[in-house]
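Enquirer: Residue numbers (the numbering used here): 85 to 254. Structure in structure tokens, see below.
Laid out in structure tokens, this is it:
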């Protein structure tokens, strides 16, 4: 009798844990969708700033760039994805360094490795500030994968890994 009761307690605890994770994931997905809308608005503002800059209207261009930076920060605050984007960019930097180190003979590999890693480190801020829609979308995709894994756990009883960060996607 005690063994059956223990099994039911563990099953009920797992069900509560999965339900809490499911609700948390649903709220996170809704928040990330709002962040994607803000990031799309930021991308539209950046495009408009480039168009206005071609007409040499400096005051409006400055205002649009400041608006773009503010909406980009808002998109990252609401939609998340900054840490995963930084991990992705760092992974690209490490791969560039490795390529520069392997593809060239010994004395020059030091310089090519350092040059390509400097290029990769310079890529990090440009990726964060110029591609907010992509980064927030990748955060949405990772969260959606976690939700699908929870759904698979509920339907099939398979264990949930829960390690869907963007750092492994590089």
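Cβ coordinates follow ideal geometry from the N, Cα and C atoms, glycine included.
How big is the Cα-Cα spacing for residue 234 and residue 115?
Expert: When rounded, the distance between both Cα atoms is 19 Å.
Enquirer: Let me know if residue 103 comes out buried or exposed under the rule of 16 or more other beta-carbons within 10 Å of its beta-carbon.
Expert: Flag for residue 103 reads exposed.
Enquirer: Residue 210: which of 192, 106, 238, 170 sits nearest, CA to CA?
Expert: Cα-wise, what sits closest to residue 210 is 170.
Enquirer: Look up residue 187 in the DSSP assignment and say whether it is helix, strand or coil.
Expert: It is coil, neither helix nor strand.
Enquirer: Assign residue 85 to one of three DSSP states: helix, strand, or coil.
Expert: Because residue 85 sits at a pLDDT of 47, beneath the cut-off of 50, its placement in the model cannot be relied upon, and the point is left open.
Enquirer: Could you tell me if residue 172 is buried or exposed, where buried requires 16 or more neighbouring beta carbons within 10 angstroms of its beta carbon?
Expert: Classification of residue 172: buried, given that the 10 Å Cβ count is 16 or more.
Enquirer: Are the CB atoms of residue 168 and residue 131 within a distance shorter than 8 Å?
Expert: Cβ distance not < 8 Å, so residue 131 and residue 168 don't count as in contact.
Enquirer: Count the C-beta pairs between the region 155 to 167 and the region 196 to 203 that are closer than 8 Å, then say yes if the count reaches three, no if not.
Expert: Segments in contact, no.
Enquirer: Quick one: using the 10 Å Cβ neighbour count with 16 as the cut-off for buried, is residue 219 buried or exposed?
Expert: Residue 219 is buried by the Cβ-count criterion.
Enquirer: Could you pull out every residue in the same chain whose Cβ sits closer than 8 Å to the Cβ of residue 213, ignoring the five residues on either side in sequence?
Expert: Taken in chain order, the residues that qualify are 153, 156.
Enquirer: Hey, residue 162 and residue 119: beta-carbon distance below 8 Å or not?
Expert: The answer is yes: Cβ separation under 8 Å.
Enquirer: How big is the Cα-Cα spacing for residue 179 and residue 127?
Expert: For residue 179 and residue 127, the distance between alpha carbons rounds to 28 Å.
Enquirer: Would you mind working out which of 113, 188, 101 sits nearest residue 237, comparing C-alpha positions?
Expert: Among 113, 188, 101, the Cα nearest to that of residue 237 belongs to 101.
Enquirer: How far does the alpha helix (DSSP H) with residue 163 in it reach, from first residue to last?
Expert: Note, residue 163: alpha helix (DSSP H), 142 to 163.
Enquirer: Taking Cβ positions, are residue 206 and residue 176 nearer each other than 8 Å?
Expert: No, the Cβ-Cβ distance between residue 206 and residue 176 is not below 8 Å.
Enquirer: Quick one: is residue 129 buried, meaning 16 or more other Cβ sit within 10 Å of its Cβ, or exposed?
Expert: So residue 129 ends up on the buried side.
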